[in-house]
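Take a look at the structure below.
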Amino acid sequence: MGQHEVNTWYFSPYPEEYAYCDTLYICEFCLLYYASHKRLERHRTRCQLQHPPGNEIYRKDDISFFEIDGRKQKTWCRNLCLLSKLFLDHKMLYYDVDPFLFYCMTKRDKLGCHLIGYFSKEKESSEDYNVACILTLPQYQRHGYGKLLIAFSYELSKLEGKAGSPEKPLSDLGLMSYRAYWTETIVGYLLSTTDEVTIEEISQKTSITTQDILHTLQSIGALKYYRGQHIICLGDKVVEQWKKIQEKKKRFISPEKLDWKPIHFTSSQLRYL
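Residues in the sequence shown are numbered consecutively from 1, following UniProt numbering.
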């Protein structure tokens, strides 16, 4: 895929004729797949796509986010899901993409916008999930992109004016990334204010659900019982760890660079039959 040769982790239901290929060649822009490098090269001479087929809703430095409607770009989104299944063990959709929006993070250069990762999101979630599936491609992992994807999903939730949480189950790597994001965000907010705050107020400011906030505070030992009530108390070790993370942090989402408004769908737009 592009300049990268990546070992896959799990089975993905590509068409049967590709099941026994030692190497699958994937166009990094349109995500079509081929059994040989020669066929991919022939395709690349004709492929006109240089970025995900949706609206660019965020741009900062060399990072861009695109919003793609699964109903309008079925083939591309199905190919994205097939690709993702190679690296995600838990059950996920790969055919019925109509009810989902896909938010793809890319890295721009003179050749185009190269896919780093994405998350999908139900157009209407009865349980207020703000992420259905999330993945950073293996060749871009351990560079802070996963946390950037998570942060972006919460910026959308803030604009929607509601708290959200990822759909369960999460992969082990996904759960680790979310716990790191929740801890960093909650501790950062608590350190930024001198006022007494409640769990509900933290949720309103961060769009993290009260349940995820409580679990996070418990996991870092910040929830104490004092004089008959629970209080939030950050230990020195937690604060020092947060400061070290901030010093090393290179990538973050700038809300002012986000050009997006919440989308409201009619029942006919949620699914196309």
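Glycine residues also receive a C-beta, built at the ideal position from the N, C-alpha and C atoms.
Going by other Cβ atoms of all chains shown within 10 Å of its Cβ, with 16 needed for buried, is residue 19 buried or exposed?
Residue 19 should be labelled exposed.
Rounded to the nearest angstrom, how far is the Cβ of residue 174 from that of residue 134, given a contact under 8 angstroms?
Rounded, the Cβ-Cβ distance is 6 angstroms, consistent with contact.
Compare the Cα-Cα distances from residue 232 to each of 258, 261, 202 and 11 and report the closest residue.
It is 202 whose Cα lies nearest to the Cα of residue 232.
Which same chain residues end up closer than 8 angstroms to residue 109 when comparing Cβ atoms and leaving out the 5 residues on each side of it in sequence?
If we look at residue 109 and ignore the five residues flanking it on each side, its Cβ neighbours are 62.
Report yes if the CB atom of residue 101 is closer than 9 angstroms to the CB atom of residue 127, and no otherwise.
It is not a contact, given that the beta carbons lie outside the stated cut-off.
With a CB to CB cut of under 6 angstroms and the five nearest residues on each side skipped, what residues in its chain are close to residue 8?
If we look at residue 8 and ignore the five residues flanking it on each side, its Cβ neighbours are 86.
Taking the alpha-carbon positions, what's the residue 26 to residue 43 distance?
For residue 26 and residue 43, the distance between alpha carbons rounds to 10 angstroms.
To which residues of the same chain is residue 182 closer than 7 angstroms at the C-beta, ignoring the five residues directly before and after it?
Once the five neighbours on either side are set aside, the close Cβ partners of residue 182 are 208, 212 and 216.
On the DSSP bridge list, what partners appear for residue 60?
Paired residue(s): 63.
When you compare the CB positions of residue 13 and residue 82, do they come within less than 9 angstroms of one another, or not?
Closer than 9 angstroms, so yes.
For the beta strand (DSSP E) that residue 131 lies in, which residues bound it at each end?
Taken as a continuous stretch (DSSP letters only), the beta strand (DSSP E) holding residue 131 covers 129 to 131.
Skipping 5 residues on each side, what residues in its chain have a beta carbon closer than 8 angstroms to that of residue 261?
Correct list, in chain order: 159.
Could you tell me which residues DSSP puts in a beta bridge with residue 69?
Answer is 101, bridged to residue 69.
Buried or exposed for residue 69, going by 16 or more other Cβ atoms inside 10 Å?
Looking at its Cβ environment, which holds 16 or more other Cβ atoms inside 10 Å, residue 69 is buried.
Which residues does DSSP list as the beta-bridge partners of residue 136?
Paired residue(s): 117.
By the DSSP assignment, the beta strand (DSSP E) with residue 231 in it spans what residues?
That run of the beta strand (DSSP E) goes 229 to 232.
Roughly how many angstroms lie between the CA atoms of residue 205 and residue 65, to the nearest whole one?
Each residue's alpha carbon lies about 23 angstroms from the other.
Assuming residue 187 contacts residue 238 (C-beta within less than 8 angstroms), just tell me the rounded distance between them.
Residue 187 to residue 238, Cβ: 6 angstroms. Contact.
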